[in-house]
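Q: The opening position of the sequence shown corresponds to residue 2 in my numbering, with each subsequent residue numbered one higher. Just so it is clear, CB atoms sit at the ideal spot from N, CA and C, and this is done for glycine as well. Predicted model only: the values in this text are computed from it and were never measured.
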Amino acid sequence: MLFKSLSAAVYGIDAHLIEVEVDVGSGRMNEFNVVGLPDASVKESRERIKAALKNCGFDFPAPQGVTINLAPADLRKEGSVFDLPMALGILGCQGSFFGKRLDGFVFLGELSLDGGVRSVRGALSAAIAARDRGIRNLVVPEVNAREAAVVDGVDVYAVRSLLQAVDLINAPETFAPVKVDAQAMLQEAGAYPVDLKDVRGQMAAKRALEVACAGGHNILMIGPPGAGKTMLAKRIPTVLPPMSLDEAIETTRIHSVAGVLEDSRGLVGTRPYRSPHHTISDAGLIGGGAVPRPGEVSLAHNGVLFLDELPEFQRNVLEVMRQPLEEGTVAIARAAISVVFPARFMLAAAMNPCPCGYFGDTTRECHCSPPQIQRYVSRVSGPLLDRIDIHIEVPTVKYRELRENTVIEGSKDVRARVLAARERQRQRFATEKRVYSNALMPPKLIRTHCAISAAGEKLMETAIARLGLSARAHDRILKVSRTIADLAGMPDISPQHLSEAIQYRTLDRTYWA
């Protein structure tokens, strides 16, 4: 007897519906075969299904052979998500559903040996795929129900066990779909545990962070150990504009597919902050695997990617970031499949000024020679620096600044100015498709929106000639100065705005070498 049900497999961040065909009595006696390019975890489902059926009081169709086909057969299937639909297919072949068909249901779930249904990855993507295919009902593990229920147009049912799934099919009127308020979930999950007022001193660095967040600029902080670079970086998301619902859903899809979504949240409401260790591989950073999974740059989508101790990262690892920094996506090609992951993030990096970390520090003596310092700094390639608009020095905080009781401006106040600047940029680039912040302006838009006066031209010429600024710094200075003018609410770039932007090019100055 043949029985069919539907499930879903995730490729990239998109889900594809998979037809689970179960035929009992077609194979050799006592055989349980799964075909359709299953990986090892799918093949292992045979033992989980047998134990789950037995412990739930159902009979396994032995000695009859069982053959299960996962169609389409040319797509590789991985993971334990197919346990539940395969078990239901076997029960359907035995007449457990009173002649009912499962065409209108998509099932996801890993089975435990006692018949419980465990969480899976990609429930949100599966809900979107079901909606797009016009399938109304989605059955998922209870812990995945909130994330899947965010999608309108799909009734999401939560089950805790195989027995509950059988009852749902036989008497759907006794079950109520899970309902959530997506906007309320977003507000509930949108609170940050840290605040910019936690950082004492570092007024120049805080100003640089405000400029970077207002224009979407990548930033590099340079300073001795213990100066507060990591502490500042962790508070960048609190200054960025709040997540919109569309951004939250897109970010949640990535985290769900990667298996890092917190079960209790259901929706990522705060901007992601990812800080990989400098020993990470290139595949770990941008994604990879036989069936590609998202890497750190994609997990930081719509948020912040912080690279601490930047010169300690392997050169090839840093170089693979060129594509996501330029295009906002990561394309990964394999022999069987090619996927594209979103990777639009703000890059924040930190580094010591020298191997010992105390070059230029007023409290500790540096023991590094000039060649050692130059070799250390040159570990960060020019092409990568070319994509970082702001370089800011973060000095050691003085004791008086640590202990003073003055009122410190918090993230809420800084975010208000950032939002006002972003609104000006939104209006400025309203007709542009891929440009939404000053950092993304191509040369054509720089010439249009970053015009400077005669006094500004003279200042720029002097800076390039006397400070030894590189040619690539020219456009970065103009874009940053445009953001500084937006923060000030000024329609034109003044020499004062240019002067501040020039100060944010530390690694382009000749004295650094």
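Could you check whether the region 454-465 touches the region 391-400, counting it as contact only if at least three pairs of C-beta atoms, one from each stretch, sit closer than 8 Å?
A: Output reads no: the region 391-400 does not touch the region 454-465.
Q: Looking only at its own chain, which residues have a Cβ that is under 6 Å from the Cβ of W513, when we skip the five neighbours before and after it?
A: At W513, the pLDDT of 46 sits below 50, so the modelled position is not reliable and the matter cannot be decided from this model.
Q: Helix, strand or coil, according to DSSP, for A74 in the structure here?
A: A74 falls in the coil class under three-state DSSP.
Q: Flag this pair as yes or no: are the beta carbons of A249 and L306 separated by less than 8 Å?
A: No, these two residues do not count as a Cβ contact at 8 Å.
Q: Quick check on K101: does DSSP put it in helix, strand or coil?
A: In this structure, K101 counts as coil in the three-state DSSP scheme.
Q: Label N406 either buried or exposed according to how many other C-beta atoms from any shown protein chain fall within 10 Å of its C-beta, with 16 as the threshold for buried.
A: Per the 10 Å Cβ criterion, exposed.
Q: Which first and last residues belong to the alpha helix (DSSP H) in which Y400 is found?
A: Element bounds for Y400: 400-404.
Q: Closest to A350 by C-alpha separation, out of S339, M322, P343, would be which residue?
A: A350 has its Cα closest to that of M322, out of S339, M322, P343.
Q: Give me the residue from V67, R102, L7 with the minimum Cα distance to P73.
A: Checked all of V67, R102, L7; the closest Cα to P73 is L7.
Q: Would you identify the three-state DSSP class for P325, choosing helix, strand or coil?
A: Three-state result, P325: helix.
Q: How would you call S245, buried or exposed, if buried means at least 16 neighbouring beta carbons within 10 angstroms?
A: Exposed: under 16 other Cβ atoms inside 10 Å.
Q: Pull up the distance between the alpha-carbon of R425 and that of T484, whole angstroms please.
A: One C-alpha to the other measures close to 10 Å.
Q: Determine the DSSP secondary structure at T511, reduced to helix, strand or coil.
A: Any reading at T511 needs caution, since the residue's pLDDT is 43, under 50, leaving its predicted position unreliable; the model's value is listed next. Of the three classes helix, strand and coil, the one that applies to T511 here is helix, per DSSP.
Q: Quick check: what's the CA-CA separation for T511 versus P226?
A: Residue placement at T511 is poorly supported in this model, since its pLDDT is 43, which falls under 50; the coordinates still yield a value, given next. Rounded to the nearest angstrom, the two C-alpha atoms are 24 Å apart.
Q: With distance defined between alpha-carbon atoms, name the residue in Q203, A291, A10, F99 nearest to G37.
A: Minimum Cα distance to G37 is reached at A10.
Q: Determine contact between the region 213-231 and the region 407-422, defined as no fewer than three beta-carbon pairs at a distance below 8 Å.
A: Flag = yes, the region 213-231 and the region 407-422 touch.
Q: Whole angstroms are fine: how far does the CA of D196 sit from the CA of T175?
A: Those two C-alpha atoms are separated by around 47 Å.
Q: Where G285 and G296 are concerned, what is the direct C-alpha to C-alpha distance, given to the nearest angstrom?
A: Whole-angstrom Cα-Cα distance: 5 Å.
Q: Between M2 and V25, what straight-line distance do the alpha-carbon atoms span, to the nearest angstrom?
A: Each residue's alpha carbon lies about 5 Å from the other.
Q: Taking 8 Å as the cut-off, decide whether the C-beta atoms of G117 and R161 are in contact.
A: Their beta carbons are under 8 Å apart, which means G117 touches R161 by this criterion.
Q: At a cut of 8 Å, does the region 302-321 reach the region 332-351 through at least three beta carbon pairs?
A: Touching, yes, given that three or more Cβ pairs across the two stretches are closer than 8 Å.
Q: Mind checking which residues open and close the beta strand (DSSP E) that includes A350?
A: Its beta strand (DSSP E) spans residues 347-352.
Q: Is the region 459-472 touching the region 438-450 in the sense that three or more CB pairs, one from each, lie closer than 8 Å?
A: At 8 Å Cβ cutoff, the stretches do not touch.
Q: So R275 packs on L241, CB below 8 Å; how close in whole Å?
A: Between L241 and R275 the Cβ distance is about 14 Å, and since that is not below 8 Å, they are no contact.
Q: So N303 and E366 are in contact, right, with Cβ under 8 Å, and what is the actual spacing, rounded?
A: That belief does not hold up - the Cβ atoms of N303 and E366 are roughly 43 Å apart, past 8 Å.
Q: What does L163 pair with, by DSSP beta-bridge criteria?
A: DSSP output for L163 lists no bridge partner at all.
Q: Is it the case that the region 376-393 contacts the region 252-261, given that we only count it when at least three CB pairs across the two stretches are under 8 Å?
A: The region 252-261 is not in contact with the region 376-393.
Q: Can you name the start and end residues of the alpha helix (DSSP H) that T363 belongs to?
A: Neither: T363 is in no alpha helix (DSSP H) and is coded neither H nor E.
Q: Three-state secondary structure (DSSP) at D15?
A: Strand, per DSSP.
Q: Please report the straight-line C-alpha distance between L92 and L85, rounded to a whole angstrom.
A: Approximately 11 Å between the Cα atoms of the pair.
Q: Between V181 and R132, is the Cβ-Cβ spacing less than 8 Å?
A: No, the Cβ-Cβ distance between V181 and R132 is not below 8 Å.
Q: Could you tell me which residues DSSP pairs with P343 in its beta bridges?
A: Paired residues: T330.
Q: With a 10 Å radius around its C-beta and 16 neighbouring C-beta atoms as the bar for buried, classify P325 as buried or exposed.
A: Answer is buried; the Cβ neighbour count reaches 16.
Q: Mind checking who F33 pairs with in its DSSP beta bridge?
A: In DSSP, F33 forms a bridge with V67.
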